[in-house]
Amino acid sequence: MDHDHLQQAAKDHLWMHFTRHGQYDESDVPIIVKGEGAYIWDAKGRRYLDGLAGLFVSQLGHGRTDLAETAAKQASELAFHPLWSYAHPTAIELAAKIAEKAPGDLNRVFFTSGGGEAVETAWKLAKNYFKLTGKPMKHKVISRAIAYHGTTQGALSITGLPGLKAQFEPLVPSTFRVPNTNAYRADEMTGGFLDGSDPEAFGRWAADQVGIAIENEGADTVAAVFLEPVQNAGGCFPPPPGYFQRVREICDEHDVLLVSDEVICAFGRLGHMFGAERYGYQPDMITCAKGLTSGYSPLGAMIASDRLMEPFLHGSESFAHGYTFGGHPVSTAVGLKNLQIFEEEQVLEHVRDNEGAFRSTLERLKDLPIVGDVRGDGFFYGIELVKDKATKESFTHEECERLLYGFVSKQLFAEGLYCRADDRGDPVVQLAPPLICDQSHFDEMEQVLRVVLDKAGTLV
46 MDHDHLQQAA KDHLWMHFTR HGQYDESDVP IIVKGEGAYI WDAKGRRYLD GLAGLFVSQL
106 GHGRTDLAET AAKQASELAF HPLWSYAHPT AIELAAKIAE KAPGDLNRVF FTSGGGEAVE
166 TAWKLAKNYF KLTGKPMKHK VISRAIAYHG TTQGALSITG LPGLKAQFEP LVPSTFRVPN
226 TNAYRADEMT GGFLDGSDPE AFGRWAADQV GIAIENEGAD TVAAVFLEPV QNAGGCFPPP
286 PGYFQRVREI CDEHDVLLVS DEVICAFGRL GHMFGAERYG YQPDMITCAK GLTSGYSPLG
346 AMIASDRLME PFLHGSESFA HGYTFGGHPV STAVGLKNLQ IFEEEQVLEH VRDNEGAFRS
406 TLERLKDLPI VGDVRGDGFF YGIELVKDKA TKESFTHEEC ERLLYGFVSK QLFAEGLYCR
466 ADDRGDPVVQ LAPPLICDQS HFDEMEQVLR VVLDKAGTLV
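Using this note's numbering, the letters of the sequence shown map in sequence onto residues 46 to 505.
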């Protein structure tokens, strides 16, 4: 199809995800046709720096023929076979490789098609495990305010974003929220008790809220706590020092499973294979997807400890759960090649070597009145926008509509930067570029952001 026919077909037939289709009544749908390295091109030939790695996915960048050739080769040998009581070589080999890289005794890998399915799998396993081990009442989940964990009924229930859930209620019951680790808003989160200037004290307070929630619900009813290493929604909240260590203690005290939701954070986003490794804690499960294949084929996984697998290893017991395309041969072949490239090209080391430069480049923007905070780790950052820097006053919903969606998001793209403007918490611009990026890309991002955010500040 030529461009005009693509436009009309998109408007007539394609139901895009999380999309306000009304915005395209009078404008074109952005159609992305090509990627190379850290850049993407649209159907009109315009180039954009991919400041979000697609959707926190394209770790190795676009246009890798080695990954494409791996997919083609596997498809020609074995295009499909399910993992329902059967196995195939690439799934076996990738499971072994992931187990080798995962922390502690997380040696059991259950493949899914994506991240939401991995979260769903983790919750179902937690409930099933406790039923098999004599604690059938343990079924509830604790998660954090504003945190996003997926769109399926269970994962959406765990999600802490009421605006995403209301239209789908009633959801799966028995999930409960605790405060997140947004140190920039510590004063209002703690009712003035802490102002965030003592990160360890704030981390202790935030972790203790998990324990309070478990006790309020009754420890004999709580199965798991789901936490991201760096919380995405709300704009990249890293954990304060000691936070995860205290949460681990609380979970152990109450026999509650700690699930590290690393759908975004795993596979180099934070400079380590897993975020749990970076922050020094041992989860009972890890959920992951996205960067596992760098987007060259869809794949997710739930990684569990040997302890959680043990009840399913005897007699006729089975975990009655699965997905048709979970562990697809092409996807697992691509995942193996992806992790091989990580080692050969020292991708993790590259992120760790350059994360300080990325941070310092983005922190230049703090001289703009509209920029309240720059936070994150690795190649994963959020820039919080404020109406008043001195008071940290945020924007109203109407102001966010006009400023964030009406100007910032559209103008960043028009200036050649694909990233994300998000107001699921306080308004932020999120950046998570491919892990191959360097100072030249950081400078390009900063320059576009400066032009757009400087202008946005005059529209407040």
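The beta carbon of each residue, even a glycine, is placed where N, CA and C say it ideally should be.
Determine the DSSP secondary structure at residue i, reduced to helix, strand or coil.
i	result
Glu443	helix
Ala140	helix
Met354	helix
Tyr193	coil
Ser188	strand
Glu389	helix
Tyr341	coil
Leu476	strand
Ile481	coil
Tyr463	strand
Asp265	helix
Phe155	strand
Thr204	coil
Val217	coil
Ala402	helix
Leu272	strand
Asp433	strand
Ala346	strand
Glu438	strand
His395	helix
Exposed or buried, what is residue i when buried is set at 16 or more other beta-carbons lying within 10 Å of its beta-carbon?
i	result
Gln391	exposed
Ser376	buried
Tyr131	exposed
Arg91	exposed
Trp168	buried
Leu123	exposed
His317	buried
Ile428	buried
His58	exposed
Gln484	exposed
Glu145	exposed
Arg293	buried
Gly237	exposed
Pro215	exposed
Thr332	buried
Ala117	exposed
Leu100	exposed
Gln385	exposed
Leu504	exposed
Arg420	buried
Ala269	buried
Where do the N-terminal and C-terminal ends of the alpha helix (DSSP H) with residue i fall, by residue?
i	result
Met234	Ala231 to Met234
Phe247	Pro244 to Glu262
Thr110	Thr110 to Glu122
Asp49	His48 to His58
Asn173	Gly160 to Leu177
Arg323	Gly320 to Tyr324
For the beta strand (DSSP E) containing residue i, list its first residue and its last residue.
i	result
Thr226	Run containing Thr226: none; DSSP gives neither H nor E here.
Glu429	Phe425 to Leu430
Asp499	Not the beta strand (DSSP E): Asp499 falls in the alpha helix (DSSP H), residues Gln484 to Thr503.
Ile331	Met330 to Cys333
Val416	Val416 to Asp422
Less than 8 Å between the CB atoms is what I'm expecting for residue i and residue j, so what's the real figure, rounded?
i	j	result
Lys185	Glu298	Contact doesn't hold; Cβ gap of about 16 Å is too wide.
Lys382	Leu112	6 Å
Ala252	Ile295	7 Å
Arg6	Arg249	Nothing can be reported for residue 6: it is not among the residues displayed for the chain, which extend from 46 to 505.
Ser219	Leu272	17 Å between Cβ atoms; not a contact.
Val74	Lys56	7 Å
Leu498	Leu413	5 Å
Ala258	Phe289	Not quite, the Cβ-Cβ distance comes to about 16 Å (not below 8 Å), so this is no contact.
Phe175	Ala349	With 8 Å as the limit, Phe175 and Ala349 do not qualify as a contact, their Cβ atoms being about 13 Å apart.
Gly159	Pro343	6 Å
Glu162	Tyr368	6 Å
Gly380	Leu337	5 Å
Tyr463	Gly82	Contact flag wrong, Cβ pair sits at about 13 Å.
Ala311	Gly325	Actually they are not in contact, since the Cβ atoms of Ala311 and Gly325 sit about 16 Å apart, beyond 8 Å.
Ser72	Ser339	Actually they do not touch by this definition, with Cβ atoms about 31 Å apart.
query: What are the uninterrupted segments assigned as beta strand (DSSP E) that are 3 or more residues long and contained completely in the segment 67-98, given in chain order?
result: 77-81, 84-87 and 92-95
query: Which ranges does the alpha helix (DSSP H) cover as unbroken runs of at least 4 residues, wholly within the segment 282-314, from first to last along the chain?
result: 288-299
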